[in-house]
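So for the sequence shown, our numbering puts the first residue at 320; every next one is plus one.
By construction, the Cβ of each residue, glycine as well, lies at the ideal position given by its N, Cα and C atoms.
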Amino acid sequence: LGRLIEKLSRMCDTLDFFLQQSEADKSIMLESLLEIAYSIVTYRARYHRDEEMLAVLYLLVFDRSNPYSLRYLCQSLLDNGAAFNVHEAQSREILQQVLHDMDAIDLSGFEVGAATAARVYERLAGLCADISMGLSIYANSISHQYFLVTDTVSSDTGLETVNKEFL
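Structure follows, in structure tokens:
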């Protein structure tokens with residue numbers, strides 16, 4: 320679960336940074352984005368052409384078979400989290416809503432530089448923010464459920480951290 324959380328967090332941060340760039344910078348960064356996402360070989364095998372914005376976004380966000388896409392990582396986290404019986408409903412709901420919202424994004428009229436692209440970028444940035452919030456809640460829940468929890472107490476010598484319990 321830790322690896323999935325880290326991968327998903329890294330992809331969200333990377334995509335969020337990418338989405339905030341100018342159109343010219345985005346075009347320049349496409350190959351680097353694919354390399355950061357460990358998806359350049361997959362892209363080349365599928366598309367046999369230079370990087371195009373729509374194809375890259377599809378591969379890194381929506382593709383159910385790419386193990387580094389946001390969709391794949393979110394679904395994997397939900398599936399694997401169920402096996403660990405993590406008692407956190409809020410983060411599961413957030414991630415399930417993200418998957419539902421991904422399905423609602425219409426890429427059919429996507430054109431770089433057009434208003435449709437700007438709307439898609441805005442919605443994807445919102446998804447990244449939602450995923451980051453869900454991951455934070457989820458990671459805290461896992462920590463409290465499975466790892467050592469500490470409390471800070473005051474004593475004669477000042478503040479000290481003591482073990483509360485080992486879960």
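Neighbour-count burial assignment, residue i, 16 or more Cβ in a 10 Å radius
i, result
"ARG383", "exposed"
"ARG390", "buried"
"GLY432", "exposed"
"ILE347", "exposed"
"TYR362", "buried"
"TYR465", "exposed"
"ASN385", "buried"
"GLY453", "buried"
"ALA423", "exposed"
"LEU426", "exposed"
Contact check, residue i vs residue j, beta carbons under 9 angstroms
i, j, result
"ALA374", "TYR387", "no"
"VAL439", "LEU379", "no"
"TYR457", "SER395", "no"
"MET397", "LEU418", "What sits at residue 397 in the sequence shown is Leu, not Met. Cβ atoms of LEU397 and LEU418: closer than 9 angstroms."
"VAL405", "LEU320", "yes"
Cβ neighbours of residue i in the same chain (closer than 7 angstroms, five flanking residues each side left out)
i, result
"ASP420", "LEU446"
"LEU353", "ILE359, TYR362, GLU370 and VAL375"
"ILE355", "THR333"
"MET330", "ALA356, TYR387, LEU389 and LEU392"
Of the residues the options, the one placed nearest residue i, counting alpha carbons only
i, options, result
"LEU392", "TYR440, GLU350 and ARG322", "ARG322"
"LEU338", "ALA448, SER462, ALA458 and GLN464", "ALA448"
"MET372", "ASP344, ALA364 and VAL360", "ASP344"
"GLY400", "PHE336, SER460, MET330 and ASP335", "SER460"
"SER341", "ASN404, ALA437 and SER351", "ALA437"
"LEU414", "LEU349, SER451 and THR333", "SER451"
"PHE403", "ALA423, CYS331 and SER462", "SER462"
"GLU441", "MET330, PHE336 and ARG368", "PHE336"
Residue i: CB within 8 angstroms of a non-hydrogen atom of the ligand PLP
i, result
"LEU418", "For the ligand PLP, the structure offers nothing, since it holds no ligand at all."
Cut-off 8 angstroms between Cβ atoms - residues of its own chain near residue i, not counting five sequence neighbours on either side
i, result
"GLN416", "ASP449"
"GLU350", "ILE359 and GLU370"
Cutoff 6 angstroms; reference residue i; Cβ partners in own chain excluding five residues on either side
i, result
"THR435", "GLY428 and PHE429"
**Prompt:** Whole alpha helix (DSSP H) runs in the region 420 to 463 with 4 or more residues, listed along the chain?
**Reply:** The qualifying runs do not exist here; there are none.
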